[in-house]
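Protein chains in written order, with my numbering: chain B, 94 to 441; chain L, 94 to 441; chain P, 94 to 441.
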Amino acid sequence: MSTSIRISELATRFGAVLHGDDVLVARVASLESAGPDALSFLANPRFKSLLETSQAGVIAVRAADAAGLQRPHVVAKDPYLFYALAAQQLYPRRQVNPGVHPSACIDPAANVSEAAEIGPNVVVGAGAVIDAGCVVMANSYVGAHVELGRDVLLHPGVTLMDGCVIGDRVVIHPGAVLGSDGFGNAWAGDHWEKIPQVGRVLIGDDVEIGSCTTIDRGALEDTIIGQGARIDNLIQIAHNVEIGAHTALAGCVGIAGSTKIGARCQIGGAAMISGHLEICDGAVVLGGTLVAKSIREPGAYGGPYPMQAHSDWVKNAAQLRHLGELAQRVRQLEKNMASLKAAAGDEE
Amino acid sequence: MSTSIRISELATRFGAVLHGDDVLVARVASLESAGPDALSFLANPRFKSLLETSQAGVIAVRAADAAGLQRPHVVAKDPYLFYALAAQQLYPRRQVNPGVHPSACIDPAANVSEAAEIGPNVVVGAGAVIDAGCVVMANSYVGAHVELGRDVLLHPGVTLMDGCVIGDRVVIHPGAVLGSDGFGNAWAGDHWEKIPQVGRVLIGDDVEIGSCTTIDRGALEDTIIGQGARIDNLIQIAHNVEIGAHTALAGCVGIAGSTKIGARCQIGGAAMISGHLEICDGAVVLGGTLVAKSIREPGAYGGPYPMQAHSDWVKNAAQLRHLGELAQRVRQLEKNMASLKAAAGDEE
Amino acid sequence: MSTSIRISELATRFGAVLHGDDVLVARVASLESAGPDALSFLANPRFKSLLETSQAGVIAVRAADAAGLQRPHVVAKDPYLFYALAAQQLYPRRQVNPGVHPSACIDPAANVSEAAEIGPNVVVGAGAVIDAGCVVMANSYVGAHVELGRDVLLHPGVTLMDGCVIGDRVVIHPGAVLGSDGFGNAWAGDHWEKIPQVGRVLIGDDVEIGSCTTIDRGALEDTIIGQGARIDNLIQIAHNVEIGAHTALAGCVGIAGSTKIGARCQIGGAAMISGHLEICDGAVVLGGTLVAKSIREPGAYGGPYPMQAHSDWVKNAAQLRHLGELAQRVRQLEKNMASLKAAAGDEE
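#1: Show which residues of chain P have a CB atom less than 9 Å away from the CB atom of Arg323 of chain B.
#2: Kindly indicate which residue of L:His112, L:Trp285, L:Val116 has the alpha-carbon position closest to the one of Ala169 of chain L.
#3: Closer than 8 Å by beta-carbon distance: list the chain L residues that pair up with Leu383 of chain B, in chain order.
#4: Apply the 10 Å Cβ neighbour rule to Glu390 of chain P and answer buried if 16 or more other Cβ atoms are within range, or exposed otherwise.
#5: On a CA-only basis, which of L:Ala364, L:Thr146, L:Gln401, L:Arg424 is nearest Thr382 of chain L? Give me that one, please.
#6: At the 9 Å Cβ level, is Pro213 of chain B part of the contact set with chain P, yes or no?
#7: Are Val239 of chain L and Gly275 of chain L touching if we call contact CB-CB under 9 Å?
#8: List the residues of chain L whose Cβ lies closer than 8 Å to the Cβ of Cys198 of chain B, in chain order.
#9: For the pair the stretch 295-306 of chain B and the stretch 292-303 of chain L, tell me if three or more CB-CB distances fall below 8 Å.
#10: Going by alpha carbons, who is nearest to Arg243 of chain P out of P:Gly256, P:Ile223, P:Asp255?
#11: Going by DSSP, name the residue or residues bridged to Gln182 of chain L.
#12: For Thr146 of chain B, which residues does DSSP report across the bridge?
#13: Per DSSP, what kind of secondary structure is Gly417 of chain P in: helix, strand or coil?
#14: Let me check understanding here. Comparing Cα to Cα, which of P:Gly311, P:Ala221, P:Val215, P:Gly260 lies closest to Gly277 of chain P?
#15: Counting only the same chain and skipping the five closest in sequence on each side, list residues whose C-beta sits under 6 Å from that of Val215 of chain L.
#16: Using a beta-carbon distance cut-off of less than 9 Å, what residues from the stretch 235-265 of chain B approach chain D?
#17: Can we say the stretch 114-125 of chain B touches the stretch 171-186 of chain B, given the rule of at least three CB pairs closer than 8 Å?
#18: Just to confirm my understanding: we take Cys305 of chain L, look at its own chain, exclude 5 residues before and 5 after, and list those with CB closer than 7 Å. What are they?
#19: Would Leu313 of chain B and Val334 of chain B be called neighbours here (beta carbons separated by less than 9 Å)?
#20: What's the C-alpha gap between Lys408 of chain P and Leu174 of chain P?
#21: By the three-class DSSP mapping on this structure, what secondary structure does Ser404 of chain B have?
#22: Taking the continuous beta strand (DSSP E) assigned at Glu314 of chain B, which residues delimit it?
#23: What do you reckon, are the CB atoms on Gln320 of chain P and Ala341 of chain P nearer than 9 Å?
#24: Is there a Cβ from chain B that is less than 9 Å from the Cβ of Asn429 of chain P?
#25: Can you pull the chain L neighbours of Ser422 of chain B, defined as C-beta to C-beta under 8 Å?
#26: Considering only residues of the same chain and omitting the five flanking positions on each side of Ser97 of chain P, which have a CB-CB separation below 6 Å?
#27: Which residues, in order along the stretch 172-186 of chain L, keep a beta-carbon less than 7 Å from a beta-carbon of chain B?
#28: Less than 9 Å separating the beta-carbons of Leu413 of chain L and Gly395 of chain L?
#29: Kindly indicate the opening and closing residues of the alpha helix (DSSP H) around Ser101 of chain P.
#30: Gln329 of chain B by DSSP, collapsed to three states: which one?
#31: Consider the Cβ of His415 of chain B: report whether some Cβ of chain L lies at a distance smaller than 9 Å.
#32: Is there at least one Cβ from chain P nearer than 9 Å to Val228 of chain B's Cβ?
#33: Counting only Cβ-Cβ distances shorter than 7 Å, please list the residues of the stretch 334-358 of chain L near chain B, keeping chain order.
#34: To the nearest angstrom, how far is it from the Cα of Ile199 of chain P to the Cα of Glu102 of chain B?
#35: So is Ser133 of chain B buried or exposed if we call it buried at 16+ other beta carbons inside 10 Å?
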């Protein structure tokens, strides 16, 4: 799947400076496992000792780590970013093979570009628009009136319900579901009445969405994912959520209805965010945190209960149930202490 | 997708009283975005100021909020419920188009009603029964001996393993899996032996199940979801769980094996419920709570650790690990204080 | 689906001793619901009273629980394990029906054993190898160069992306996704650059993987699941994770990138494990625990915040935010107390 490129070409292209031989690189690899045809990188100075022992053909390093390095290397401002960009060249997305697989079911009222590739068993509904460069892989479902921009990649088994609008170059991984109904129910005294969900899901350009992630359509307005957002696996995004541009959500995050998350936020794995909140641009939420109120200032927020050996935890958890009472007792002690000290002072 | 209806007709039908012109409504919308063809509603008095500025054709309000309102409005006991019921009329489920898509694979020993609609690439196993009014959308799998009641809607990519029994009017969203094996393993000294899972999954009438939710078959007895329950996305329901009628589970909830949840409970998002518990009718569990013991009394239960700025959390989390010890120190202080006060009393 | 076997045959085969009539058993059932054709078992002595009232044809018990038991029973060292093994005989995996369903799309460059069964709408990519005894059920996707060992069972709707290597006798439940891209992004100043994920997913022999579980391919090296591991539903396993042999993960667990979990661990439901950690062999993590540091010693670890009635929780949660301060106040009280006691001592 990979191709071969001269490191000089990659260095020039991505603003790095080559020192030493112009190696032909065919792959990327970690410092430990790299062979002579591989580009590797040092992002964390902690692993600097590996620079000498690695079998890598060439290594991307920061200037600060390059002093005295004899082997071929490239000096980059951000070696991790250089590695990302180089790897994109070495492992290009496979070419589009335009055409519709004979087993696909395309509604006659759908508009599929001749420059798009539609895989086996794909189903495309009436009014759907699939632009040039799109690849819709096997067993995916593109509902009625869905719009896919240019160069969208739907991996196998993706489901896009009616009316989803997907920007250019979006990548959606297997099993993801976009546009299913939001969880809207009104209590009718003895049962729930379903509230029809009539909003859409709008996905900005360059968004990536992970496997088995679910993004519900809006109840009245739309659910919106901003340009360049990165959304990992098994994430639940409820109706009317808005996520700002370039925000990243790690795996297993849940976001309840109508919450607005700003741009360039980072939400750690398994964080759970309540509904109707606002989280400002640039907020960082640590993994496992339950966010139950809005965040107005950028910065890091946390709060998972720390793990302990079970026997210790049992003791502490017992106290946790009586924390209000403990604080009350400390207040009482402070009062008594003040009285005693006052009395002692009187005696002096 | 929506139809147009006179508001007078909706008001009569759902027990509300029209004040002002008999507007023709074609859609529902929020107060902010509604136009003259839209029905909107005021559920939260906090937004009462929007009543005057909204462009909505007609607004559903409580009597208490209707005083002095000049524009067309309907007075309803519960405007949110009125909106739900009206929206169901304006956005009816699409009509069933009876018939089997030529790409579907129906076992000759299946019993599919002629009044059911079977979409592309659907697979139906031997002995399955699909009743009138059912819609089984693309790429869904209906295993052997599965029974679907009347008017069931399986969205695309739903998987029902062998023997599931689904009540009337049930709606299952994309990617949901019902009837996969429960997690049953016996330790055999140096490896796990699988315990065959021979129970079924029984889903009551009018249940709705969200995207990528998984409901395992029972180990020996059945896993049972009561009538009218509402189950959101990405929820795990383990083997032999029973969920009572009209109970609602929000997204990302997990319920471990053999737990019985009563009727009309509300389980908040990402709550995790341990196995072999009993939760009584009418319990409310707040989002993010870990339920590790049975709940015997109706009411609200919570317990997620509260979020803080990371720097504050670090300080508190450090103390959390020593809470048992802190309580011990407070007890010691109280003893010392009692001695000192006794001594001081002696002196007086 | 079940077959009938003499209990004497099962007892002999699995090292148990029959007492009483040689019953023909056709099923397994709980003590409460078993009929005369069922094998039941008593694993928990708490339910010993059911031994007399159960209608089961034969019951597996420990020697300690068998004293005085008149009805047919088998004495086994571990009745639960005996039941598991017996149930495997009574409910064998259905036979393989070799052949490829006409609706399946098999790449001409794939290598599918004639002794494998390929179901409807299955897609198999170029270079894929499917060995004898495999069953690939409906709507599953087997990507290019995937390798399935002998007797693998892919339930409906499983997605295996390119290059996954699956051991013998592996079972994968519906909707699971293996080999999708890991969550790798490098920040480029104003947007994320995707890091191509070029590792694979390697699954050992006898592993079982639950519904809608996602296992990402490695970034550079491989993601590895050891032999005999048991992985429940809706679990996220990130890139470069390694899981040791016979480790069991309960539902809704998340494991962040590059974490290594040892052999024979048990990870409770909804536990969340941060990235780049090491968890030693034999660790037990309780359900709902957030593991944010490595575990070096076997044993049980926990830490979910305990549930309370909401009104109590509100009081305690308020104190939690000030725990560092509370500890500080207790230290101050201890100092004051020491001074007072010293002064009191001086007086004596």
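All C-beta atoms in this analysis are idealised placements derived from N, C-alpha and C, irrespective of residue type, glycine included.
Considering the structure as presented:
#1: Within the first sequence, residue 323 of chain B is the residue found at index 230, counting from 1. Within chain P, the residues near Arg323 of chain B are Phe276, Asn278, Trp285, Lys287.
#2: Position 76 of the second sequence, counting from 1, holds the residue named residue 169 of chain L. Checking every option, the nearest Cα to that of Ala169 of chain L belongs to L:His112.
#3: For the purposes of this step, residue 383 of chain B is taken as residue 290 along the first sequence, with counting starting at 1. When 8 Å is used as the limit between beta carbons, Leu383 of chain B is near these residues of chain L: Ala363, Gly380, Gly381, Pro397, Tyr398, Pro399, Met400, in chain order.
#4: For the purposes of this step, residue 390 of chain P is taken as residue 297 along the third sequence, with counting starting at 1. Result: exposed.
#5: Along the second sequence, read from residue 1 onward, the residue named residue 382 of chain L stands at position 289. Nearest C-alpha to Thr382 of chain L: L:Ala364.
#6: Within the first sequence, the letter at position 120 stands for residue 213 of chain B. With 9 Å as the cut-off, Pro213 of chain B counts as an interface residue toward chain P.
#7: As a first step, residue 239 of chain L must be located in the second sequence, where it is residue number 146. As a first step, residue 275 of chain L must be located in the second sequence, where it is residue number 182. In this structure, Val239 of chain L lies away from Gly275 of chain L, with their beta-carbon atoms at least 9 Å apart.
#8: Position 105 of the first sequence, counted from the first residue, corresponds to residue 198 of chain B. By Cβ distance, chain L contributes His194, Ser196, Pro213, Asn214, Ala231.
#9: no
#10: Mapped onto the third sequence, residue 243 of chain P falls at position 150. When only C-alpha atoms are compared, the closest one is P:Ile223.
#11: Residue 182 of chain L sits at position 89 when you count from the first residue of the second sequence. Beta-bridge pairing links Gln182 of chain L to no other residue.
#12: Sequence index remark: in the first sequence, residue 146 of chain B carries index 53 (1-based). According to DSSP, Thr146 of chain B bridges with nothing at all.
#13: Counting from 1 along the third sequence, the entry for residue 417 of chain P is found at position 324. If DSSP states are grouped into helix, strand and coil, Gly417 of chain P belongs with the helices.
#14: Along the third sequence, one-based indexing puts residue 277 of chain P at 184. Cα-wise, what sits closest to Gly277 of chain P is P:Gly311.
#15: Within the second sequence, numbered from 1, the residue matching residue 215 of chain L stands at position 122. Taken in chain order, the residues that qualify are Ala197, Val229, Ser233.
#16: This model lacks chain D altogether, as its protein chains are B, L and P.
#17: yes
#18: As a working mapping, residue 305 of chain L is identified with position 212 in the second sequence. The answer, listed in chain order, is Gly268, Ala269, Asn326, Leu327.
#19: Here residue 313 of chain B corresponds to residue number 220 of the first sequence, with the count starting at 1. Here residue 334 of chain B corresponds to residue number 241 of the first sequence, with the count starting at 1. No, the Cβ-Cβ distance between Leu313 of chain B and Val334 of chain B is not below 9 Å.
#20: Within the third sequence, the letter at position 315 stands for residue 408 of chain P. Within the third sequence, the letter at position 81 stands for residue 174 of chain P. When rounded, the distance between both Cα atoms is 46 Å.
#21: The sequence position of residue 404 of chain B within the first sequence is 311, counting from 1. Helix, per DSSP.
#22: The count along the first sequence starts at 1 and reaches residue 314 of chain B at position 221. Per DSSP, Glu314 of chain B belongs to no beta strand (DSSP E) and is neither H nor E.
#23: To locate residue 320 of chain P, count along the third sequence from 1; it is residue 227. To locate residue 341 of chain P, count along the third sequence from 1; it is residue 248. Between Gln320 of chain P and Ala341 of chain P, the gap from beta carbon to beta carbon reaches 9 Å or more.
#24: As a first step, residue 429 of chain P is located in the third sequence; it is residue number 336 there, counting from the start. At least one chain B Cβ lies under 9 Å of Asn429 of chain P.
#25: If you number the first sequence from 1, residue 422 of chain B lands on position 329. One detail in the question is off: residue 422 of chain B reads as Arg in this sequence, not Ser. Within chain L, the residues near Arg422 of chain B are Val423, Glu427.
#26: Taking the third sequence and counting its residues from 1, one reaches residue 97 of chain P at position 4. The residues are Leu117, Ala119.
#27: Listed in chain order, the positions of the stretch 172-186 of chain L with a beta carbon within less than 7 Å of a beta carbon of chain B are Tyr173, Leu174, Ala177, Leu178, Ala180, Gln181, Tyr184.
#28: As a first step, residue 413 of chain L is located in the second sequence; it is residue number 320 there, counting from the start. As a first step, residue 395 of chain L is located in the second sequence; it is residue number 302 there, counting from the start. Contact flag unset, no.
#29: Position 8 of the third sequence holds residue 101 of chain P. Segment 100-106, the alpha helix (DSSP H) holding Ser101 of chain P.
#30: Start at 1 with the first residue of the first sequence, and residue 329 of chain B comes out as number 236. Strand.
#31: Along the first sequence, one-based indexing puts residue 415 of chain B at 322. Taking Cβ atoms only, chain L reaches closer than 9 Å to His415 of chain B, which makes this a yes.
#32: As a position in the first sequence, residue 228 of chain B is number 135, starting the count at 1. No, Val228 of chain B does not count as interfacial toward chain P.
#33: His339, Ala341, Ala343, Gly344, Cys345
#34: Locating residue 199 of chain P in the third sequence gives position 106, counting from the first residue. Locating residue 102 of chain B in the first sequence gives position 9, counting from the first residue. So the alpha carbons of these two residues sit roughly 39 Å apart.
#35: In the first sequence, counting from the first residue as 1, residue 133 of chain B sits at position 40. That one is buried.
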